Amino acid sequence: MLSSESRDQSQTGRQEAWVKLKANPVPDVLVIGGGVNGVGLLRDLSLNGVSATLIDSGDFCAGASSASSRMAHGGLRYLENREFDLVRESARERNMLLHDASHLVKPLEVVVPVRHWVKGLPGTALRFFGFSRSPGPLSFVALKSGLLAYERFGAIRRALPHHKVVLSGRNFPPGLPKAVRSVISYYDGQITGPEALVFEMLEAASRIEGVTAVNHIRWQYMQDGRITVTDPLSGETADLRPRVIINAAGSAIDRVNSQLGIDATRVRGVKGAHLVLRHPQLHGRMGGRSFYFDDGRGRMVVCMPVQDVTLIGTTEVETDDPQDRQVVDDEVNYLLSSLNHLFDDITLTREHIVAVTSGIRPLQAGNGSATQAARDHALFEDRAGSTPVISLVGGKWTTFRSFAEMAANSVLDLLGRQRTASTADRAYPGAGALDVVQLAQDSGLTTQRTKELYSRYGTVAREVAAFCGQQEDAPVADAPGYSRREIIWLTRNRMTLNLEDMILRRTNIVMTGRLSTCTLDNIADIMADTLGHDDLWAQTQSQGCAADPRILWNGK
3 MLSSESRDQS QTGRQEAWVK LKANPVPDVL VIGGGVNGVG LLRDLSLNGV SATLIDSGDF
63 CAGASSASSR MAHGGLRYLE NREFDLVRES ARERNMLLHD ASHLVKPLEV VVPVRHWVKG
123 LPGTALRFFG FSRSPGPLSF VALKSGLLAY ERFGAIRRAL PHHKVVLSGR NFPPGLPKAV
183 RSVISYYDGQ ITGPEALVFE MLEAASRIEG VTAVNHIRWQ YMQDGRITVT DPLSGETADL
243 RPRVIINAAG SAIDRVNSQL GIDATRVRGV KGAHLVLRHP QLHGRMGGRS FYFDDGRGRM
303 VVCMPVQDVT LIGTTEVETD DPQDRQVVDD EVNYLLSSLN HLFDDITLTR EHIVAVTSGI
363 RPLQAGNGSA TQAARDHALF EDRAGSTPVI SLVGGKWTTF RSFAEMAANS VLDLLGRQRT
423 ASTADRAYPG AGALDVVQLA QDSGLTTQRT KELYSRYGTV AREVAAFCGQ QEDAPVADAP
483 GYSRREIIWL TRNRMTLNLE DMILRRTNIV MTGRLSTCTL DNIADIMADT LGHDDLWAQT
543 QSQGCAADPR ILWNGK
């Protein structure tokens, strides 16, 4: 058990954030929403000397930001909808991430099995010119032509090889159906730790005077322009009078605007689900590559290795409930059926599912099919009384930096200030080389352990390793590469208030495919000990997470 002194210090990071919030009752900007767009904006504002407070009624990165395909990509399929500006922006931002966050964003080969040489080309042309919305098969000619344009868009700070074409079946990946006529491989990026990158930005921004971020906060807009915030942990309240309000609440943007007295429909919620599969043969067949393939109905799905599991997605289901996390049978059946058409010799069933992910894309409101809906981002300005409110609508992981830059420029204009710093080509806090052998010697850990920490935290691993090496440590049950001391560090330093926060957004344990109820019990006990909670709290937290299909799939 921890000493009482250790417990008193266990929430230092969050307590300090709350103290900073109260000490700055008139921030230049209040950001509502701690997803990647809101956090990216906080980073940009902090670098430009703007005082800013970010609050989230739940946890940081708890919405669509934590339920993506974990790709930094240029949006190849957006070419068909003539979203050229978005593809150009996405390809440029992908390259920046590969250069500036290389500890968490890696090159990824994407393999596309193609069954037709020209079949489907007329339909592609009709969709391209806006005469059709009907899906159709992918042809070699259309894909080859699209990749030439795609790679041209990605020429700025080029970070990836050119695409490859394989025409001989003898050289195809094994197990592909005989109907496959060619295989084309191109390259995008894979974000190995999306939540970790969000926390890096949060921590770096919050070190700057006048900038803070607090999760699990209740807030209420008052008619005199105040935002009253309440810390449910202490019951304390504070009144904020920001000069500008940013609505970065994702799928809850319209709901937040309504709370601010704004009657507007800005968002179209489109839910996307992925399956997390543990199937060693499938994982081995991936060979570290992603497969992007036709589901047999003209719609493309993506399957990729993530740590020790395989991720397949995604679905597109309209929803008007920002809290809708349900993954229904139709989605599960669709994804399994699609994947079972990829290889002739590999069959996936529900028994191979270890977890699911689910998030709601906050697309711009509009009509038509969800598949064809625009993926671009946009800013909308309204007023809550006399206070400007800017809503960040749309966007995706790859373009969060440029979207934040756009929003920051609007904020600076409203404040009458000039930009003094740019986030373009700026390395992320955990980027850079690290001598893991020397770190092992300095911390008293094994080299294997410091390698694991570096893969998760980049250069922030120095701090984690030092903490883990201060006292005797022990592994976490059924969680390869994680330890008790690491869980304590994450609880103290990354505002982790409950077990769901830890499992889904502070660690990647789900992606080991080995997480068990023993893991949940073990980590809940560590957190209870760290936070000063009792055994009942730990038991309740563990049982709640065990019933969450995003953590442990129960087959229902």
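According to the numbering used here, numbering within the sequence shown proceeds without interruption in unit steps and concludes at 558.
Note that the Cβ used here is the ideal one computed from N, Cα and C, for glycine as well.
The structure displayed is predicted, hence computed values, not measured ones.
Check whether residue i and residue j have beta carbons under 8 Å apart
{"i": "residue 110", "j": "residue 189", "result": "yes"}
{"i": "residue 562", "j": "residue 94", "result": "Look at the range of the chain in this structure, 3 to 558, and you will see that residue 562 is not part of it."}
{"i": "residue 334", "j": "residue 277", "result": "yes"}
{"i": "residue 63", "j": "residue 197", "result": "yes"}
{"i": "residue 41", "j": "residue 235", "result": "no"}
{"i": "residue 28", "j": "residue 43", "result": "no"}
{"i": "residue 165", "j": "residue 139", "result": "no"}
{"i": "residue 39", "j": "residue 402", "result": "yes"}
{"i": "residue 67", "j": "residue 37", "result": "yes"}
{"i": "residue 395", "j": "residue 525", "result": "no"}
{"i": "residue 386", "j": "residue 242", "result": "no"}
{"i": "residue 231", "j": "residue 57", "result": "yes"}
{"i": "residue 380", "j": "residue 248", "result": "no"}
{"i": "residue 561", "j": "residue 452", "result": "Because the chain here runs from 3 to 558, residue 561 falls outside it and cannot be looked at."}
{"i": "residue 317", "j": "residue 274", "result": "yes"}
{"i": "residue 264", "j": "residue 415", "result": "no"}
{"i": "residue 16", "j": "residue 200", "result": "no"}
{"i": "residue 519", "j": "residue 490", "result": "no"}
{"i": "residue 220", "j": "residue 92", "result": "no"}
{"i": "residue 229", "j": "residue 399", "result": "no"}
{"i": "residue 50", "j": "residue 421", "result": "yes"}
{"i": "residue 212", "j": "residue 26", "result": "yes"}
{"i": "residue 100", "j": "residue 181", "result": "no"}
{"i": "residue 467", "j": "residue 447", "result": "yes"}
{"i": "residue 357", "j": "residue 554", "result": "yes"}
Beta-carbon separation (whole angstroms), residue i vs residue j, contact threshold 8 Å
{"i": "residue 501", "j": "residue 470", "result": "The Cβ separation is near 20 Å, so there is no contact."}
{"i": "residue 176", "j": "residue 185", "result": "Wrong, their Cβ atoms sit about 12 Å apart, outside the cutoff."}
{"i": "residue 377", "j": "residue 178", "result": "With 8 Å as the limit, residue 377 and residue 178 do not qualify as a contact, their Cβ atoms being about 29 Å apart."}
{"i": "residue 530", "j": "residue 537", "result": "7 Å"}
{"i": "residue 389", "j": "residue 244", "result": "7 Å"}
{"i": "residue 433", "j": "residue 105", "result": "5 Å"}
{"i": "residue 514", "j": "residue 297", "result": "Not really, about 28 Å apart at Cβ, beyond 8 Å."}
{"i": "residue 423", "j": "residue 214", "result": "Wrong, their Cβ atoms sit about 19 Å apart, outside the cutoff."}
{"i": "residue 508", "j": "residue 521", "result": "So it is not a contact: roughly 14 Å between Cβ atoms."}
{"i": "residue 343", "j": "residue 312", "result": "The Cβ separation is near 15 Å, so there is no contact."}
{"i": "residue 251", "j": "residue 35", "result": "4 Å"}
{"i": "residue 183", "j": "residue 116", "result": "6 Å"}
{"i": "residue 108", "j": "residue 191", "result": "7 Å"}
{"i": "residue 253", "j": "residue 364", "result": "5 Å"}
{"i": "residue 527", "j": "residue 540", "result": "5 Å"}
Paired residues, beta bridge with residue i - DSSP
{"i": "residue 111", "result": "189"}
{"i": "residue 336", "result": "None; residue 336 has no bridge partner."}
{"i": "residue 366", "result": "269"}
{"i": "residue 383", "result": "392"}
{"i": "residue 275", "result": "360"}
{"i": "residue 355", "result": "279"}
{"i": "residue 304", "result": "294 and 315"}
{"i": "residue 116", "result": "184"}
Bounding residues of the alpha helix (DSSP H) (the contiguous stretch that carries residue i)
{"i": "residue 408", "result": "402 to 417"}
{"i": "residue 285", "result": "282 to 288"}
{"i": "residue 258", "result": "255 to 261"}
Enclosing beta strand (DSSP E) for residue i [first to last residue]
{"i": "residue 294", "result": "292 to 296"}
{"i": "residue 32", "result": "31 to 34"}
{"i": "residue 146", "result": "Per DSSP, residue 146 belongs to no beta strand (DSSP E); it is in the alpha helix (DSSP H), 142 to 155."}
{"i": "residue 167", "result": "166 to 168"}
Beta carbon proximity, residue i to chain B, threshold 8 Å
{"i": "residue 327", "result": "Of the protein chains in the structure, only one exists, and it is not chain B."}
Inset, instruction - Could you name each continuous alpha helix (DSSP H) segment of 4 residues or more that falls completely within the stretch 430 to 471, going from the start of the chain to the end? - result: 438 to 445, 449 to 459 and 463 to 470
Legend entry - Segments assigned beta strand (DSSP E), at least 3 residues, entirely inside the stretch 37 to 98: 54 to 57
Inset, instruction - Return the chain-ordered ranges of every alpha helix (DSSP H) run that is complete within the stretch 192 to 248 and spans a minimum of 4 residues. - result: 196 to 208
Inset, instruction - Run through the stretch 306 to 350 for me and flag every whole alpha helix (DSSP H) of 4 or more residues, listed as ranges in chain order. - result: 331 to 341
Inset, instruction - Tell me the start and end of each unbroken alpha helix (DSSP H) in the stretch 478 to 541 that is at least 4 residues and wholly inside, in chain order. - result: 486 to 495 and 519 to 533
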